[in-house]
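J.: Input: one structure, supplied below.
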């Protein structure tokens with residue numbers, strides 16, 4: 004996986020560089036998932052990333068994110084939900100942050116919902 008952290012805007016993007024994105028969905032305020040044609044998660048964008056991760060762990064701040072050595076997402080489909088884990092490594096430390104389960108059916112594209 005590839006990643007990019009914009010420290011000026013505090014945005015972390017983690018993505019699978021060889022996957023085509025079919026759809027991007029804002030699943031929560033400031034969190035966008037990128038999906039492939041099989042509704043698999045191939046990327047995530049987290050706005051206000053230091054605040055988001057820092058609310059769970061104060062060691063994950065802008066300095067930590069600016070010096071990332073690696074970042075990846077792991078996901079599993081379970082029934083009608085995505086189960087996500089964000090794994091960050093920086094400054095000799097690794098943190099794994101589970102995300103709340105996200106229901107797939109709640110995130111239908113507005114275009115598809117009107118058909």
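In the numbering used here, the protein residues as written are 4 to 118.
Ideal Cβ placement from N, Cα and C applies to all residues, glycine included.
Take the Cβ of residue 27 as the centre, count every other Cβ of all protein chains shown within 10 Å, and call the residue buried at 16 or more, exposed below.
T.: Exposed, by the Cβ-count rule.
J.: Closest by CA to residue 2, which one among 76, 51 and 55?
T.: Residue 2 is absent from the structure shown; the chain starts at 4 and stops at 118.
J.: Sorted by chain position, which residues of the same chain lie with C-beta nearer than 7 angstroms to residue 7's C-beta, five sequence neighbours on each side aside?
T.: 16
J.: How many whole angstroms separate the CB atoms of residue 105 and residue 30, which I take to be in contact at a CB cut-off of 8 angstroms?
T.: That pair is a contact at about 5 angstroms.
J.: Go to residue 67, then tell me how far its alpha helix (DSSP H) extends in each direction, as first and last residue.
T.: 65–69
J.: Compute the distance between the beta-carbons of residue 13 and residue 52, then report whether it is under 8 angstroms.
T.: yes
J.: Using only CA atoms, which one of 59, 70, 46 and 85 lies nearest to residue 5?
T.: 46
J.: Residue 74: which of 64, 89 and 80 sits nearest, CA to CA?
T.: Checking every option, the nearest Cα to that of residue 74 belongs to 89.
J.: For my contact list, residue 85 and residue 44 are in at a C-beta cut-off of 8 angstroms; report their separation, rounded to the angstrom.
T.: 6 angstroms
J.: Less than 8 angstroms between the CB atoms is what I'm expecting for residue 100 and residue 56, so what's the real figure, rounded?
T.: The C-beta distance from residue 100 to residue 56 rounds to 6 angstroms, short enough to fall under 8 angstroms.
J.: So for residue 40, helix, strand or coil by DSSP?
T.: Three-state DSSP puts residue 40 in coil, outside helix and strand.
J.: Near residue 94, which residues of its chain fall below 7 angstroms by C-beta distance, leaving aside the five closest residues on each side in sequence?
T.: Closer than 7 angstroms at Cβ, skipping near neighbours: 67 and 70.
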